[in-house]
Amino acid sequence: MTPLSVYILTYNSERHLDKVLTAARRAADDLLIVDSGSRDSTLAIAARHGARIVHRAFDNFRAQRQFANDLCLHETVMFFDSDEVASDALIDEVLALKGRGFVHDAYAVRRDWVVMGKLIHALMPVSCPDYPIRIYRRDTLYFTGHSVHETLMGHASGGRIEAPLVHHTFQNTAEIRQKLDLYTDLAALDLLHKHEPAALLWLKGLTSPIGAFMKWYIRKGNFRDGRVGLILALYAAAYTRRKYRKAFSRRCRDR
Numbered sequence: 001m002t003p004l005s006v007y008i009l010t011y012n013s014e015r016h017l018d019k020v021l022t023a024a025r026r027a028a029d030d031l032l033i034v035d036s037g038s039r040d041s042t043l044a045i046a047a048r049h050g051a052r053i054v055h056r057a058f059d060n061f062r063a064q065r066q067f068a069n070d071l072c073l074h075e076t077v078m079f080f081d082s083d084e085v086a087s088d089a090l091i092d093e094v095l096a097l098k099g100r101g102f103v104h105d106a107y108a109v110r111r112d113w114v115v116m117g118k119l120i121h122a123l124m125p126v127s128c129p130d131y132p133i134r135i136y137r138r139d140t141l142y143f144t145g146h147s148v149h150e151t152l153m154g155h156a157s158g159g160r161i162e163a164p165l166v167h168h169t170f171q172n173t174a175e176i177r178q179k180l181d182l183y184t185d186l187a188a189l190d191l192l193h194k195h196e197p198a199a200l201l202w203l204k205g206l207t208s209p210i211g212a213f214m215k216w217y218i219r220k221g222n223f224r225d226g227r228v229g230l231i232l233a234l235y236a237a238a239y240t241r242r243k244y245r246k247a248f249s250r251r252c253r254d255r
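In full-length UniProt numbering, the protein residues as written are 1 to 255.
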C-alpha cells in the first residue's frame, strides 16, 4: 500500500471544508492544512478531522503550495482546493491506486465546476470540465512561476482519472468581486515580471477585455449557461481589464 499525503490550503473556508475533509480523510495517510489566517470555524473543522494544521501568511498561491508540498510526509501527494469535494468514486479509485501502486508521476483528475449552484461550461481560464493534476510525486514535479493559476510541470508520465472532483466556487456576485480583486493583484505582478512597456500594458487594458468577453461567452460556451454564463463572461472581461490596469499603474508608479 502506497502511503499518500493530502494537503489543502485554507482561508475562511468553513462553507465546504467538512465535506472536503470527509472525502480526503478516506484516502489520506497524512492530512495537512496550511491556513493563512482563518477567522471562521475553519481550524475547528480541520482539527475535528485530525488534520495537521500549519499557519503561513499568504503571498501567492504558488509559494503557498510549495510550502505545503515541502511539509508533506509522503512522496506521493494529492491536494484539493478548500471548495473542491471529491466524489466517492474518485476516492475509491485513489484507494485502488494506493493498493496496486501509482505507476505514473502525475494523475490528472476530472474537475466539474459549479457556480451559483449551476454546473457550467467555462470559467476563465479553463473550459469545464478540466483536468488539473491533483496527484503527483513531489520529487519529480514543480509548480510554474505564476502567482495565480499555477500548474504542475515536469512529469515524465501521466494518468487520467475520470471519477470527478466537484469545484464549488463563486457562490454569489459579492464573492466574484472579492476574488477578482485578489486574483488581479497577483496577475498584475506576473505581468510586471514580463517587463512589457507601460504603453503596451495600457493598450492591452483597453482592447483585450472585449476579446476576453467574446472568447469566453461565445467560443468557450458561457452562452449556454444562461444568466450565470453572462456573469462569468463579464468576469473574464473585468479580470482582463483590471490586471492590465493594475500592472500599468504599478509600472508608472515604480518609474
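Glycine included, every Cβ here is placed at the ideal spot set by N, Cα and C.
Bridge partners - residue i, DSSP secondary structure assignment
i    : result
K118 : V115
V94  : Beta-bridge pairing links V94 to no other residue.
I45  : Partner(s): none; I45 has no beta bridge.
Y136 : V77 and A106
A86  : L165
Y142 : M153
L4   : T76
Proximity of residue i and residue j at Cβ, strictly below 9 Å
i           : j    : result
residue 267 : H149 : The shown model of the chain, from 1 to 255, leaves out residue 267, and the question about it has no answer.
F102        : I8   : no
L232        : I135 : no
L4          : A46  : no
L141        : A106 : yes
residue 273 : I133 : This structure does not reach residue 273, given that the chain is present from 1 up to 255, and the question cannot be answered.
residue 258 : V77  : Here the chain covers residues 1 to 255 and nothing more, so residue 258 does not appear.
F143        : R65  : yes
M1          : G154 : no
R15         : H168 : yes
Assigned secondary structure, residue i (DSSP; H/G/I helix, E/B strand, else coil)
i    : result
G229 : helix
S249 : helix
T76  : strand
L186 : helix
A156 : coil
D18  : helix
H55  : strand
S208 : helix
T173 : helix
D35  : strand
T240 : helix
Sequence-distant residues of the same chain with beta carbon closer than 7 Å to residue i, five excluded per side
i    : result
L71  : L32 and V54
H104 : S157, G158 and G159
H146 : R62 and D190
W202 : F248
Contacts around residue i, its chain only, beta-carbon distance under 8 Å, and the 5 residues preceding and following it disregarded
i    : result
S208 : T240, R241 and Y244
A57  : S36 and G37
G226 : K118
Neighbourhood of residue i by C-beta, 6 Å cutoff - its chain only, sequence neighbours within 5 removed
i    : result
H49  : L21 and R25
N222 : A122, W216, G229, L232 and A233
N69  : R138
- prompt: Should the segment 179 to 193 be called in touch with the segment 227 to 246, which here means at least 3 C-beta pairs below 8 Å?
  reply: Inter-segment contact for the segment 179 to 193 and the segment 227 to 246 is present: three or more beta-carbon pairs are separated by less than 8 Å.
Inter-stretch contact (C-beta, 8 Å, three-pair minimum) for the segment 22 to 41 and the segment 110 to 117: Result no; under three Cβ-Cβ pairs closer than 8 Å.
- prompt: Can at least three beta-carbon pairs, one atom from the segment 245 to 254 and one from the segment 184 to 200, be found at a separation below 8 Å?
  reply: Yes: the two stretches touch, three or more of their Cβ pairs being nearer than 8 Å.
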